[in-house]
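Below is one structure, written out as structure tokens, with a few remarks after it.
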Amino acid sequence: MQPYFFVLAYTCGLMTTCTMIYSYTQAQVSRQIVRRCIVGLGFGSAGILAMLQPLEIEPGVIADARGAFVGMATAFGGPVAAAIAVALTVAARVAIGGSGAALGAAVILITTALAGLWLHAFKNHQSRDNRAWIMLALSCAVPTFIALHSLPAAHSLIGIFFAGMTTIVVFSFGKLLHAEQHRGRRERQLAHAASTDALTGLPNRRAFEDHARQLEETGAQDVMLLLLDVDHFKAINDELGHDGGDNVLQDIAKAIRNTVRDTDFAARIGGEEFAVIVELRDATNPHQIAERFRAAVQIPYGSAADRKVSTVSVGGFCLSGRAFSFQNAYKHADEALYRSKRAGRNLVTLFPSLQVA
Numbered sequence: 020m021q022p023y024f025f026v027l028a029y030t031c032g033l034m035t036t037c038t039m040i041y042s043y044t045q046a047q048v049s050r051q052i053v054r055r056c057i058v059g060l061g062f063g064s065a066g067i068l069a070m071l072q073p074l075e076i077e078p079g080v081i082a083d084a085r086g087a088f089v090g091m092a093t094a095f096g097g098p099v100a101a102a103i104a105v106a107l108t109v110a111a112r113v114a115i116g117g118s119g120a121a122l123g124a125a126v127i128l129i130t131t132a133l134a135g136l137w138l139h140a141f142k143n144h145q146s147r148d149n150r151a152w153i154m155l156a157l158s159c160a161v162p163t164f165i166a167l168h169s170l171p172a173a174h175s176l177i178g179i180f181f182a183g184m185t186t187i188v189v190f191s192f193g194k195l196l197h198a199e200q201h202r203g204r205r206e207r208q209l210a211h212a213a214s215t216d217a218l219t220g221l222p223n224r225r226a227f228e229d230h231a232r233q234l235e236e237t238g239a240q241d242v243m244l245l246l247l248d249v250d251h252f253k254a255i256n257d258e259l260g261h262d263g264g265d266n267v268l269q270d271i272a273k274a275i276r277n278t279v280r281d282t283d284f285a286a287r288i289g290g291e292e293f294a295v296i297v298e299l300r301d302a303t304n305p306h307q308i309a310e311r312f313r314a315a316v317q318i319p320y321g322s323a324a325d326r327k328v329s330t331v332s333v334g335g336f337c338l339s340g341r342a343f344s345f346q347n348a349y350k351h352a353d354e355a356l357y358r359s360k361r362a363g364r365n366l367v368t369l370f371p372s373l374q375v376a
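Quick note on our numbering: the sequence shown kicks off at 20 and runs consecutively.
Have a look at this one:
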């Protein structure tokens, strides 16, 4: 019985490690595709390790808990994680070789297919009760059980052992991973809400300051900070009402979002004030960039008979070849913004030149 206890403990240890990795990625990794790749790599690697410590039935024929790992990868990582886990485990089983290699690879593929059907049937997370976890456990256990029972009758005990172990492990850890999935999703939602402006969907002032200080800490150079303030916004609010004013702000935010590049960062930092951090590239003209934002946010509003266009005053700070200082940049960009407003609004002023354009 000693080998059975070792396999059980070893499998639980691998699954515990996968759970820890899954919990970390759910809480710390924001991009879904990256999370799913990590899930596939984690469970796929665990499946390989399980195959390296199997119960050897006969030369070239091994029994292990790989089905539990590829099934969990599919259930909690979707098609991306499933593809990665299958590729890793099938390649490993073929590399191990032996007369049971084809049957072993088939078990992996069939288990993944059944887990995929389970994922489709229970894609609504609220419907995942004990019945759902039992069905997932059986989806992972049955292919291994059938494969082992296709071998001589003397090995039926091994089939029963692995079917029972896989069922218990997947049921128990499946519920645990589901709780971690829910907790991670909630944490990401809270983090997103804490850093996002509810009206426009842009990052808020807190996120803007965090990003700016990160640039400062990394010693970033050739960075331009732009402050954009909507001209005569009180008059827009008075004319359209608060709902209409909100619509104008949303349209301006959309225009800014469509203008920034992947390397830029835009945020709403006040009532009608926006900020953009631009990482300048070689031969980039700061005035042209600032003008592009000023022109982009000219949003029509009002009735058809009295059509008007929103404008913004822009103040910026740009000092190439010097490390970015958030406090210094914000102070001078705000001064430049004041100059734009004093000069008649709907203008761009950049520090250090303080030329109005």
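Even for Gly, the Cβ is constructed at its ideal location relative to N, Cα and C.
- For the pair F343 and A352, the Cα-to-Cα distance works out to about 13 Å.
- If you look at F141, you'll find it isn't in any beta strand (DSSP E); DSSP assigns it neither H nor E.
- Rounded to the nearest whole angstrom, the C-alpha separation of E206 and A46 is 6 Å.
- Per the coordinates, the alpha-carbon of G32 lies some 12 Å from the alpha-carbon of F24.
- Three or more Cβ pairs drawn from the segment 277-288 and the segment 222-239 lie within less than 8 Å of each other, which places the two stretches in contact.
- If you ignore the 5 residues before and after F252, its C-beta comes within less than 6 Å of the C-beta of E291, all in its own chain and listed in chain order.
- Within the DSSP bridge table, the entry for F370 names F336 as partners.
- The criterion of a C-beta distance shorter than 7 Å is satisfied by T108 and G66.
- Only residues of its own chain outside the window of five on either side were considered, and among them A315, V316, I318 have a CB closer than 7 Å to the CB of A274, listed in chain order.
- Burial is judged here by how many other beta carbons sit within 10 angstroms of a residue's own beta carbon; L167 has at least 16 and is buried.
- Positions of the alpha helix (DSSP H) runs, each at least 4 residues long and wholly inside the segment 268-309, cannot be given because no such run exists.
- For D229, no beta strand (DSSP E) segment is defined; the enclosing uninterrupted segment is the alpha helix (DSSP H) at 224-236.
- In chain order, F164, L167, H168 place their CB closer than 7 Å to the CB of G178, counting only its own chain and leaving out the 5 sequence neighbours on each side.
- Beta-carbon to beta-carbon, D250 and V331 are separated by about 6 Å, close enough to satisfy the 8 Å threshold.
- E199 counts as buried, since no fewer than 16 other beta carbons sit within 10 angstroms of its beta carbon.
- D248 sits buried, since 16 or more C-beta atoms from the chains shown fall within 10 Å of its C-beta.
- In this structure, DSSP gives V328 an extended state, which the three-state scheme calls strand.
- Residue range 51-71 is occupied by the alpha helix (DSSP H) that includes A69, with no beta strand (DSSP E) assigned at that position.
- Short of 7 Å from the beta carbon of L218, and not among the five residues preceding or following it, lie these beta carbons of its own chain, in chain order: D265, L268, Q269.
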